[in-house]
Amino acid sequence: MTHTPLTPRTRRRARSRRALLCAALLALTVQTSAVAPALADGHGGRGGSDCVRTQGRPDGTARRVLDITRKAKTDLRLNAVQVRVTLDGREVLTDALGQSMTGVPAEPDMHFRAGSVAFAHIATTLLKLVEEQRVRLDDTVERWLPDLPKADRITLRMLASNTTGLHDYVTDPAFGKELTANPFRAWTPRELVAFPLRHSFWYEPGKSWSYSHANYVYLIRALEKITGVRIDRLVREKVTGPLELRDTQNNFTPEIPRPVLHAFTSDRGLYEESTFWNPSWTTAPGAVITTHICDLARSAEAIGSGELLSPRSYRTLINPGTVGLGGGTRTCPASICLKQTEAKHFGLGVIVVNNWVVQNPSFSGYAAIQAYLPSKRLAIAVSSTKTADTPDGNTAEVVATRIAAALAPGDPLAIS
């Protein structure tokens, strides 16, 4: 699942239902065949040999980043860490430490599951459609989602900003029990949204904030109906294509394009390989993505700077009206309806933390983060995998936080 740092988790829930969201984030249409072999090699654009370690002996800022990453790998007892840092679009450091599997060194071009990073791309796609005047953010969704309760009061903005009041299936104990029992199960969108629809809404649509993967399941279906284009093709047209993220792609099966960064987890009580656990529960078909660290850093730069958007759309991405929402009520506990503040809030498919624009997927043994600080044009991308002794939580986030503290001490990346 896609972990959002804005949602407190008990240790037990975190081990069994790791979610990016914040999503991280999140899942509906006709399934198609697996990725074609030509794409599975992952050697286009920044892929393959184009995503390599920084050449030469790192010094200065690059050395600081590498030292921080090495120490964090040791402190957190990680199996592998991939890192890329850029400043004003220029590489500071690209590297990979540790191993993918026993005896197989981790490399920067190895692909991993990116979870809720897809939500940042989907939200940007939505805003592009608004700019093209094909839809309005405050259009209600009953024409596209007639089976969604309160659809005549729920808008596209609410789905994208997590303000509908829908429960999150990822934190539903019944869902967690089924997922833990069979991590290879292929889930359909209908099966996923059945869990939140068993519950009353936390609040009336638009009146508060609470994270729910179901919002993006529905948003994806709405975008497909609005455009008549499958979501993977739509996002490729609007976001990943223009950004030349050739190694960021949807997968309709548990396959990961080669070369693969393998993952391991103790979520089910026994340390085991989880690389090919079925990720269909994380979001809708067409938006279950994999990437590598170079593409992740480029995504951080582009999404965080609003490169593809007008200034007005970028302001909406950063705050679509969520600041000030949330807070515990009689019907929604403060642990669910988290207070959205200027310093820490959810935008459209992104998290804003002390001016950093972030996504931080964490599930099934994979953890990652893309973070961008507009004022310094600083991008940090980290991916990590676990050993049996790695602590709970998004460890990539911990590594990135330490790097941010060294490079931008006045802007703490304090997500958790």
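In this text, residue positions in the sequence shown follow numbering that gives the first Met the number 0: the first is 0, and each later residue adds one. Every residue, glycine too, gets a C-beta built ideally from N, C-alpha and C. Just so you know, these numbers come straight off a predicted model, no measurement behind them.
Per DSSP, the continuous beta strand (DSSP E) segment holding A366 begins and ends at 365-372.
The DSSP assignment places no complete run of the beta strand (DSSP E) inside the region 211-245 (cut-off: 3 residues). For P104, the three-state secondary structure derived from DSSP is strand. By the Cβ test, the region 152-166 is in contact with the region 207-227, since at least three Cβ pairs between them sit closer than 8 angstroms. Residues W208, T321, V322, L324, G325 of the same chain have their beta carbon placed closer than 6 angstroms to that of Q339, with the five preceding and five following residues left out of the count. Burial is judged here by how many other beta carbons sit within 10 angstroms of a residue's own beta carbon; E341 has fewer than 16 and is exposed. Ranked by Cα distance from W276, the options V356, R220, L126, N250 are led by N250.
Cβ neighbours of A301 within its own chain (closer than 6 angstroms, five residues either side excluded): L242. Taking 7 angstroms as the cut-off, the beta carbon of A122 is found closer than this to the beta carbon of L347. With at least 16 other beta carbons inside 10 angstroms of its own, T85 counts as buried. Look at the beta carbons and you see the region 71-86 touching the region 376-396: at least three pairs across the two are nearer than 8 angstroms. Counting C-beta atoms within 10 angstroms of its own C-beta, K70 has fewer than 16 neighbours from the protein chains shown and is therefore classed as exposed. Only exposed fits D151, as fewer than 16 other CB atoms lie within 10 angstroms of its CB.
Of the candidates Y365, E177, L128, D94, the residue whose Cα lies closest to the Cα of R156 is L128.
Per DSSP, T85 is one residue of the beta strand (DSSP E) stretching across 77-86. Residue range 394-406 is occupied by the alpha helix (DSSP H) that includes T400, with no beta strand (DSSP E) assigned at that position.
The C-beta of R184 has fewer than 16 other C-beta atoms within 10 Å across all chains shown, which makes the residue exposed. Following the DSSP letters along the chain, one finds V381 inside the beta strand (DSSP E) bounded by residues 377-385. Counted as a single uninterrupted DSSP element, the alpha helix (DSSP H) harbouring T68 occupies residues 59-74. For H120, no pairing in a beta bridge is given by DSSP.
Looking only at V228, P182, V238, L244, the smallest Cα-Cα distance to D266 is reached by P182. At a Cβ-Cβ threshold of 7 angstroms, S273 and S363 count as neighbours. Bounds of the alpha helix (DSSP H) holding T179 are 172-180. If you look at V349, you'll find it isn't in any beta strand (DSSP E); DSSP assigns it neither H nor E. DSSP places T315 in the uninterrupted alpha helix (DSSP H) bounded by 310-317. A Cβ-Cβ separation of about 5 angstroms places A296 in contact with A378 under the 8 angstroms criterion.
Annotation for I288: the continuous beta strand (DSSP E) segment containing it runs 288-290. Rounded to the nearest whole angstrom, the C-alpha separation of E106 and V64 is 17 angstroms.
Judged by DSSP secondary structure, A159 falls within the alpha helix (DSSP H) whose first and last residues are 155-160.
R52 and D94 do touch by the CB rule: their CB atoms are close to 5 angstroms apart, below 8 angstroms.
Taking the CA atoms as reference points, L144 sits about 47 angstroms from T101. The beta-carbon separation of E223 and R229, rounded to 6 angstroms, stays under the 8 angstroms limit for a contact. Distance from the CA atom of T68 to the CA atom of E396, rounded to whole angstroms, is 12 angstroms.
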